[in-house]
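I have placed the structure first, in the form of structure tokens, so that the comments after it can refer back to it.
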Amino acid sequence: MIARHFQAASQSIVSVHRTEARKNDPARTSMWNFFSLLAILFILIVLLLAPAMTSAQSSVDNIERLEVRLWPDFDRPSVLTTLVGSFPTGMPDQNMIIVPVPEGASVHVVAPLRDDGTPGAEMDFDDSTPGQLTFTTNEIGFWIEYYAPYEADGNSRNISYQWQSAIDVDQMDAVVQQPLRASVLTTEPAEESVTTGPDGLLYHSIPAREVPAGSTYLLEVDYTMVEPTLTQDALSQQSGLSEAGTPEESGLDWLLVVAIVAGVVAIGAVAWIVITSRSTKKRVAKPRPVRRVGARPRSMTTSPPPAQEVQANRYCHACGNPVGPDDRFCRSCGTAVKGRG
Ligand SMILES: [Zn+2]
């Protein structure tokens, strides 16, 4: 298409030269020049717009790997669903992606996938059509988060996750986080393995499979809550009961406490040196009572202890690492922290 435009452009330039050579009438020549200039401008505009027009229509026909993460009853009484997709290398620019989402889902985050497997800055999306989410990307993959409703009957819950798309999925993986206050959790298809995450929660991995375009992937999850408590609340309740938390956690907090104490001592020492050097200079001229010298550093060391930091027990939903109670972003992966700030 572009090549043809170039041909047309060069032909019209050639014809301009021919007409100039044949006709010597200055008025006709200038008119011809004017029209050929218009023609060249038009062709240039078309050439500039052509790539944008064609790329807007291009779309991906396969996802190399798609990981579905279902975190039910995590920070809301619904299913926090994260879709992490990666495209095969050598994809065209500006891929338009249509991802199926359940009706009634509230889309929370649409972001590109970074090389380290975490989400990048949020990007624009269109969820005006029920049951689908559309966005355009140049990136290696995507990170989508939404909350989907589950079926609740008393304390028992049923989740039925479904994926059906016009895009081939070469490898579909699914992981289900077992709510902290849930008793037995079962999946259909049956899980392949259950592992304990850095947050102490159980993660059920579903065997990977290929999902060709048009076919349906269905995952059923059933569990019963011992009491209807969200995992995030249950985790902070748990940390309130046990004083120290996990050894790794307390080790981390002790480092922080030591660092703060060291900082305060360092500031005190510097202040002491400054004050004593100042007062010794003055003392040479006019001796002063030593009482004031001692009073200053003592007031410096009585800064409030970092009590709030120690009893933190929240975890990043994206990477599973602990986050502080006042942290708005994960210190490990930079993802915006969920739940009550
Ligand atoms: Zn994180």
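If you count the sequence shown from 1, position 217 lands on 205 in our numbering, and the numbers rise without skipping.
Cβ coordinates follow ideal geometry from the N, Cα and C atoms, glycine included.
Source: prediction; values computed, not measured.
Taking the Cβ atom as the reference point for each residue, do residue i and residue j lie within a distance shorter than 8 Å?
i	j	result
Glu55	Asp187	no
Asp156	Ala99	no
Leu58	Val164	yes
Ser74	Arg102	no
Leu411	Asp81	As shown, the chain starts at -11 and ends at 329. That puts residue 411 outside it, with no answer to give.
Leu223	Tyr303	yes
Asp115	Val95	yes
Thr106	Thr323	yes
Phe113	Thr122	yes
Leu88	Ser153	Here the sequence assigns Pro to residue 88, which means Leu is not the residue at that position. Yes.
In angstroms, rounded to a whole number, what distance separates the CA positions of residue i and residue j?
i	j	result
Ser287	Asp314	For Ser287, the predicted model reports a pLDDT of 40, less than 50, meaning its position is unreliable and no value from the coordinates is stated.
Ala196	Gly228	38 Å
Tyr134	Val249	42 Å
Gly312	Gly256	27 Å
Thr234	Glu139	Confidence is the limiting factor: at Thr234 the pLDDT is only 45, short of 50, which leaves the residue's position unreliable, though a coordinate-based value still follows. Cα to Cα, the separation comes out at about 34 Å.
Asp158	Ser181	21 Å
Ser193	Gly251	45 Å
Glu206	Gln225	The displayed chain sequence assigns Leu, not Glu, to residue 206. Looking at the two C-alpha atoms, the distance is approximately 34 Å.
Thr66	Ala27	Per the sequence shown, the amino acid found at residue 66 is Ser instead of Thr. Whole-angstrom Cα-Cα distance: 60 Å.
Ala40	Thr124	Residue confidence is low: Ala40 scores 45 on pLDDT, short of 50, so the model does not pin down where it sits. Its coordinate-derived value is still stated next. Cα to Cα, Ala40 sits roughly 13 Å from Thr124.
Ala178	Val209	9 Å
Glu91	Pro118	6 Å
Trp151	Ile132	14 Å
Ala136	Thr77	31 Å
Asn309	Asp104	15 Å
Asn404	Val253	Nothing about residue 404 can be reported from this structure: the residues present for the chain run from -11 to 329 only.
Ser203	Asn301	41 Å
Asn21	Met84	42 Å
Val72	Ala247	37 Å
Val325	Ala259	38 Å
Arg316	Val97	15 Å
Ser265	Arg319	41 Å
Val199	Glu176	16 Å
Ser24	Ser18	10 Å
Smallest Cα separation from residue i: which of the options?
i	options	result
Glu127	Glu110, Ile147, Val209, Glu139	Glu110
Met79	Val97, Pro167, Val48	Val48
Gly142	Thr125, Gln165, Ala170, Thr77	Ala170
Pro167	Gly322, Glu198, Thr77, Met213	Met213
Leu189	Gln220, Asn50, Val262	Gln220
Tyr191	Ser320, Arg64, Cys307, Arg319	Cys307
Arg93	Gly108, Val72, Asn83, Gln120	The sequence shown places Ala at residue 93, not Arg. For Ala93, the nearest C-alpha among the options comes from Gln120.
Glu215	Val199, Val258, Ser144, Ala259	Ser144
Cys321	Ser24, Gly108, Val72	Gly108
Asn146	Tyr211, Val97, Ser265	Tyr211
Gly332	His305, Glu176, Ile261	Outside the shown range of the chain, which is -11 to 329, sits residue 332, and nothing can be said about it.
Since residue i is in the beta strand (DSSP E), which residue starts that stretch and which ends it?
i	result
Gln152	144 to 152
Ala136	129 to 136
Val325	Premise fails: Val325 is in no beta strand (DSSP E) and is neither H nor E.
Thr122	120 to 125
Glu198	190 to 199
Arg64	It is not in any beta strand (DSSP E) - Arg64 carries neither H nor E in the DSSP assignment.
Met160	156 to 165
Ala306	Neither: Ala306 is in no beta strand (DSSP E) and is coded neither H nor E.
Val332	As shown, the chain starts at -11 and ends at 329. That puts residue 332 outside it, with no answer to give.
Val48	Segment: none, Val48 is in no beta strand (DSSP E) and carries neither H nor E.
Ser94	94 to 100
Leu173	170 to 176
Report whether the distance from the Cβ of residue i to the nearest heavy atom of ligand 1 is below 7 Å.
i	result
Ala306	yes
Asn309	yes
Thr323	yes
Ser377	What the structure shows of the chain is the stretch from -11 to 329, and residue 377 is not part of that stretch, so it cannot be assessed.
Ser227	no
Ser320	yes
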